[in-house]
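Below: one structure, written as structure tokens.
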Amino acid sequence: MESLTRFADSKLDRINAANLHRTLKATGRGAPITVVRAGREMISFCCNDYLGLSQHAKLKEAAIEAIERYGVGGGASRFVTGNNPLYGELEARLAGLKSSPAACVFGSGYLANIGIIPTFAGDGDLIIGDELMHACMHAGARLSGAKTQLFHHNDIDDCRRKLDAHRAGHGTCLVMTEGVFSMEGDRAPVRELAALAAEFDAWLLTDDAHALGVIGDGRGSSHAGGDTIAVPLQMGTLSKAVGVYGGYLCADEAAIDLLKHRARSLIYTTALPPMVLASAIAALELIASDAELVAAPLNKARLFTGRVGLAPAQSAIVSVVLGDPETALNAAQALEDKGFLVIAMRPPTVPEGTSRLRITFSAAHRDAEVLALADCVAALLP
Ligand SMILES: *Cc1c(COP(=O)(O)O)cnc(C)c1O
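Every position in the sequence shown, counted from 1, becomes a number in the numbering used here once 63 is added.
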């Protein structure tokens, strides 16, 4: 007991000394995009609720109806009694939106990646990933046992060098990237990566957590150019623009079928609550039909970057890099004092020396709020 406390305290002392302590603050979220902390209401510029759908009346109604009909819990794994009929409808809608032959829904995006990656790569195989890919892609790569090499962020030439150097002598090969990078807000060169992977008999896996509902008419990074880029493994989450919770993979039927036999984070975990499935279906209906809504987050982000004088936003995420953790924390506090909640991102979430404000835009923000935030951020820049 005492040794456990001493162990934790000594680790925490180091974390505190580096300004890297984290606390969980009770935060109530409400419509349209406000948060309440310690009794104080603020406008949130750090939710991933890009379309404001987590507060949408249609999603709430769908959830309530599903609760009345099915209760609140999933009951068991999807392979036992948890495979509610709503799963079929949700997966068909996802596949349709992404013009993919098939889809499989997981409990979350994190669970999806740690199940997908070891399904398609293992001992003796190769993974080539963007150095800034999400923590759960790194976790999936580690779980897989495949040899993993990272390439410089969005650097297609470095990706080719890694493939040239390592592809031979390995079995399968996954090339992994995020469609829109969660901390940078920039986009991957998906078209070039898909062609490069195909050249080396490798499969591109894109994580579209921040692209679905925002980029490519809401259909994600493989639709961003107007046409459809052939990406064999398209993963994403239902927890961000979709406004609810869950993860998914879109791929061909054989790949999805194999997933159902191998992905441990699909098989050995409880199904999502039916209300989550019902709300996600309602959200996908809105994303497929409301072009104006889907265009809004990127437009708001560009309104912001234009006003501050930054390069035009490529997604709903704008990253303002400030350097050390203390500067980022002070900047976030200054914004909070003005009524804007923006979180400072620090290592290990972002690389050393790149602590930043990560600002996210939502269809639910009013232009006047975006401009007011822009003026406050501009005043903080050197
Ligand atoms: C948020 C996120 C995930 C995890 O999705 P959850 O549904 O929140 O578990 C995966 N990948 C990326 C890039 C993300 O930003």
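By construction, the Cβ of each residue, glycine as well, lies at the ideal position given by its N, Cα and C atoms.
Short Cβ contact (7 Å threshold) for residue i with residue j
| i | j | result |
| --- | --- | --- |
| LEU116 | GLY306 | yes |
| LEU434 | ARG365 | no |
| ILE278 | GLU255 | no |
| ALA166 | ALA175 | no |
| PRO7 | GLY145 | The structure shown does not extend to residue 7, since the chain is modelled only from 64 to 445, so the question has no answer here. |
| GLY242 | SER284 | yes |
| SER328 | ILE190 | no |
| ALA209 | ASP188 | yes |
| MET298 | ALA126 | no |
| LEU356 | ALA426 | yes |
| HIS216 | LEU237 | no |
| GLU316 | PRO148 | no |
| LEU404 | ALA394 | no |
| THR423 | ALA379 | yes |
Heavy atom of ligand 1 within 6 Å of residue i beta-carbon
| i | result |
| --- | --- |
| SER302 | yes |
| SER245 | yes |
| CYS109 | no |
| GLY310 | yes |
| TYR331 | no |
| ALA326 | no |
| TYR113 | no |
| TYR173 | yes |
| CYS199 | yes |
| ALA495 | Nothing can be reported for residue 495: it is not among the residues displayed for the chain, which extend from 64 to 445. |
| GLU241 | yes |
Three-state secondary structure (DSSP) of residue i
| i | result |
| --- | --- |
| GLY192 | strand |
| LYS225 | helix |
| VAL168 | strand |
| LYS401 | coil |
| TYR311 | strand |
| CYS236 | strand |
| MET246 | coil |
| LEU335 | coil |
| ILE447 | The structure shown has nothing for residue 447, since the chain only spans 64 to 445. |
| THR68 | helix |
| THR144 | helix |
| ASP290 | coil |
| SER207 | helix |
| GLY299 | strand |
Residue i classed as buried or exposed, judged by whether at least 16 other C-beta atoms fall within 10 angstroms
| i | result |
| --- | --- |
| TYR308 | buried |
| SER352 | exposed |
| VAL383 | buried |
| THR269 | buried |
| HIS324 | exposed |
| PHE108 | buried |
| LYS74 | exposed |
| SER418 | buried |
| VAL150 | Contrary to the premise, residue 150 reads as Tyr rather than Val in this sequence. Buried, because 16 or more other Cβ atoms sit within 10 Å of the Cβ of TYR150. |
**Study point:** Segments assigned beta strand (DSSP E), at least 3 residues, entirely inside the stretch 382 to 438
**Key:** Runs found: 406 to 408, 418 to 423.
Point to revise | Unbroken stretches of the alpha helix (DSSP H), 4 residues or longer, contained in the stretch 340 to 390 | key: You should have 354 to 371.
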